[in-house]
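So in numbering that gives the first Met the number 0, spot 9 of the first sequence is number 8, and the numbers just go up one at a time.
Think of the CB as a built atom: it goes at the ideal place given N, C-alpha and C, for glycine as much as any other residue.
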Amino acid sequence: MANAIPSRSENYSEWYNEIVKRADLAENSAVRGCMVIKPYGYSIWEKMQRALDDMFKETGHTNAYFPLFVPKSLFEAEEKNAEGFAKECAVVTHYRLKADPNKPGKLIADPDSKLEEELIVRPTSEAVIWNTYKNWIQSYRNLPILINQWANVVRWEMRTRLFLRTAEFLWQEGHTAHATSDEAMAETRQMLEVYARFAEEWMGVPVIKGYKTPNERFAGAEETLCIEAMMQDGKALQAGTSHFLGQNFAKAFDVKFQSKAGVLEYVWGTSWGVSTRLMGALVMAHSDDAGLILPPKLAPIQVVIVPIYRSDEQLAQISDKVKEIMSELRKKGISVKFDDSDANKPGWKFAEYELRGVPVRLAMGARDLENGTVEVARRDTKEKNTVALEGIVAYIEELLTEIQQNIYKRALAFRESNTYKVDDYEEFKRMLDAKGGFILAHWDGTSETEEKIKEETKATIRCIPFDAPHEEGKCILTGKPSSQRVLFARAY
RNA sequence: CGGGAUGUAGCGUAGUCCGGUCAUCGCGCCUGGUUUGGGACCAGGAGGUCGCAAGUUCGAAUCUUGCCAUCCCGACCA
Numbered sequence: 000m001a002n003a004i005p006s007r008s009e010n011y012s013e014w015y016n017e018i019v020k021r022a023d024l025a026e027n028s029a030v031r032g033c034m035v036i037k038p039y040g041y042s043i044w045e046k047m048q049r050a051l052d053d054m055f056k057e058t059g060h061t062n063a064y065f066p067l068f069v070p071k072s073l074f075e076a077e078e079k080n081a082e083g084f085a086k087e088c089a090v091v092t093h094y095r096l097k098a099d100p101n102k103p104g105k106l107i108a109d110p111d112s113k114l115e116e117e118l119i120v121r122p123t124s125e126a127v128i129w130n131t132y133k134n135w136i137q138s139y140r141n142l143p144i145l146i147n148q149w150a151n152v153v154r155w156e157m158r159t160r161l162f163l164r165t166a167e168f169l170w171q172e173g174h175t176a177h178a179t180s181d182e183a184m185a186e187t188r189q190m191l192e193v194y195a196r197f198a199e200e201w202m203g204v205p206v207i208k209g210y211k212t213p214n215e216r217f218a219g220a221e222e223t224l225c226i227e228a229m230m231q232d233g234k235a236l237q238a239g240t241s242h243f244l245g246q247n248f249a250k251a252f253d254v255k256f257q258s259k260a261g262v263l264e265y266v267w268g269t270s271w272g273v274s275t276r277l278m279g280a281l282v283m284a285h286s287d288d289a290g291l292i293l294p295p296k297l298a299p300i301q302v303v304i305v306p307i308y309r310s311d312e313q314l315a316q317i318s319d320k321v322k323e324i325m326s327e328l329r330k331k332g333i334s335v336k337f338d339d340s341d342a343n344k345p346g347w348k349f350a351e352y353e354l355r356g357v358p359v360r361l362a363m364g365a366r367d368l369e370n371g372t373v374e375v376a377r378r379d380t381k382e383k384n385t386v387a388l389e390g391i392v393a394y395i396e397e398l399l400t401e402i403q404q405n406i407y408k409r410a411l412a413f414r415e416s417n418t419y420k421v422d423d424y425e426e427f428k429r430m431l432d433a434k435g436g437f438i439l440a441h442w443d444g445t446s447e448t449e450e451k452i453k454e455e456t457k458a459t460i461r462c463i464p465f466d467a468p469h470e471e472g473k474c475i476l477t478g479k480p481s482s483q484r485v486l487f488a489r490a491y
């Protein structure tokens, strides 16, 4: 038997790492800070991609692809963006290797192949894309441009963690160009809504939508909107961001259009993205000490069937029955796996599929054959029921829907019971240390205060929630007046 | 980039202080058999440049030096 996974309460980050590795989602690679996403993990990511991509298409976007490399001169153009990302960029300086004259069998970068202009491996693609948009836009008739790309980016992080922070990660980045500020702002909000809907309806992860403070804004943006989710250790995870870029990139890359009135104006932009980090959110939001818990909508295998048999003859009988059920389930679009391998015993398989988060497990043995039943186990609650085969497909369909809703409700209830209103700084600190979670508190609106609180408590303002009611109060640190509460938490 | 630690089979490890039948054990893997309703058992078997490179020595996993990599704690961050 495999060693037990460390429990969540014991060591949350070790628990997380073990789940990711043992559920076969990803592993560390030979490349520092970079992971290998394994087939099972990648299947989940593909399902996420599919769902998101459909939503992007529904909102009028199309996919395109831009280069991995950004010439340094382009990268520099938008000053704030460049400054924000400069310290985590991989830089290509040479285009050729040659045999090392001093060490046989080794290679060195050929000094004669030094690039005239260094290439930056994109940490994000605004620069290349806006430089391209410049050529595409002359008139208001060319607008809006609504493009998304699925890509990899590199941000040279000091400390990495599987999915949550890797030096290279996969994501999508939407980049849109508009004739008016209002339209760009509407786009920014629309895409945040798309992300929120995806997180809640597909991942089963409730999120809080809000504005980032200027401190936490994307480098080069006028406004950053985000969704914040709570993980089971009470920490916050930024799950997606949507940026209103104003005319910053248009000005940096000189992207102008002639309006209906014949006036030359700078284009308004947005960008928005979610990454493989969502995989981390998925794991940390729902899973338990027995392993992964996947929402049915994103589970590569929704139903697994385990036969329990004593003889080949018995297995054959069970298989016949199972195949009928499988074909019915598949007709309903449910993905099913029949694990009839003889390599492991049923008990081993039960544990294995729990580890991998398969939402529903069916077990069928001689007893069931006799009674016309099957044992149905749900992963989220670990409840087991013996159910009549008659009507089993409808039963499972309903169960999958129910599991999808249940894990969302559970996560929501967890977040609500770990969200507090606090009006006193000492209590604020005490709550953070004792319970973590989200804290709604008053803030005087200054960066200095935000910085100071971060320094002293490691908590940051995750967002200024859209739905924060107007409420007179005093800043927990300075006592200065405030008109609404903001969301504080320690974050990933 | 500062502080700490670690590199031994696919994974996890013992041995390193005190150099000499020391390459240990568990999981996994292969073969055969018995098993199969919550991580089976027995028997046999395969698998190693002891992170890399120099050095000391009759002899190095063990001592010395250099390098590389990874992890943890900070600083930085989607």
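Through-space distance from residue j to residue i, alpha-carbon basis
i	j	result
L77	H242	Before going on, a small fix: residue 77 reads as Glu here, not Leu. Those two C-alpha atoms are separated by around 15 angstroms.
K336	A298	12 angstroms
M0	I395	Per-residue confidence for M0 stands at a pLDDT of 34, beneath the threshold of 50, marking its modelled position as unreliable; no derived number is given.
F487	S124	30 angstroms
E323	V373	13 angstroms
L293	T477	44 angstroms
M54	E192	11 angstroms
R95	V69	18 angstroms
I36	I4	20 angstroms
Q316	R366	12 angstroms
A232	K133	A small correction: the amino acid at residue 232 is Asp; Ala does not occupy that position in the sequence shown. Their backbone Cα atoms lie some 46 angstroms apart in a straight line.
R220	N417	The identity of residue 220 in the sequence shown is Ala, whereas the question assumes Arg. Whole-angstrom Cα-Cα distance: 31 angstroms.
P505	L411	It is not possible to answer for residue 505, since the shown part of the chain is limited to 0 through 491.
I402	N10	27 angstroms
V127	F162	26 angstroms
G261	D109	53 angstroms
D99	V30	22 angstroms
N384	V375	5 angstroms
Residue range of the alpha helix (DSSP H) that includes residue i
i	result
R414	I391 to S416
W14	Y11 to R21
F84	E78 to A85
L51	P38 to E57
Test item: CB-CB of residue i and residue j under 9 angstroms
i	j	result
K457	R489	yes
G272	Q171	yes
V303	R360	yes
Y210	C462	yes
K259	V266	no
F248	R154	no
P464	I207	yes
A269	L236	Reading off the sequence, residue 269 comes out as Thr, not Ala. Cβ atoms of T269 and L236: not closer than 9 angstroms.
R409	D379	yes
A362	V305	yes
A63	I146	yes
A228	A284	yes
Anticipated Cβ contact below 8 angstroms, residue i with residue j, distance rounded
i	j	result
A176	L142	6 angstroms
V48	S138	What sits at residue 48 in the sequence shown is Gln, not Val. Actually they do not touch by this definition, with Cβ atoms about 34 angstroms apart.
G290	A50	At roughly 23 angstroms, the Cβ-Cβ gap does not stay under 8 angstroms, so G290 and A50 are not in contact.
P358	P295	5 angstroms
K320	L398	Contact flag wrong, Cβ pair sits at about 19 angstroms.
Start and end residues, beta strand (DSSP E) containing residue i
i	result
N151	I144 to V153
V321	Premise fails: V321 lies in the alpha helix (DSSP H), D311 to K330, not in any beta strand (DSSP E).
Q171	E167 to H177
F243	A235 to G245
L431	It is not in any beta strand (DSSP E) - L431 instead sits in the alpha helix (DSSP H) that spans Y424 to A433.
P306	V302 to P306
Please confirm if the region 344-351 is in contact with the region 10-23, defined as three or more CB-CB distances below 8 angstroms between the two stretches. Contact between the region 344-351 and the region 10-23 is absent, with fewer than three C-beta pairs closer than 8 angstroms.
Note to self: For the pair the region 81-96 and the region 109-126, tell me if three or more CB-CB distances fall below 8 angstroms.
What the structure shows: yes
- If we count Cβ pairs, one from each stretch, closer than 8 angstroms, do we get three or more for the region 432-450 versus the region 193-203? Result no; under three Cβ-Cβ pairs closer than 8 angstroms.
- Message: Can you confirm whether the region 268-285 touches the region 154-174 when touching is taken to mean that 3 or more C-beta pairs between the two stretches lie within less than 8 angstroms?
- Response: Three or more beta-carbon pairs drawn from the region 154-174 and the region 268-285 are found closer than 8 angstroms, and the two stretches are therefore classed as touching.
Determine, using beta-carbon pairs with one atom in the region 379-392 and one in the region 175-190, whether at least three such pairs fall under 8 angstroms.
no
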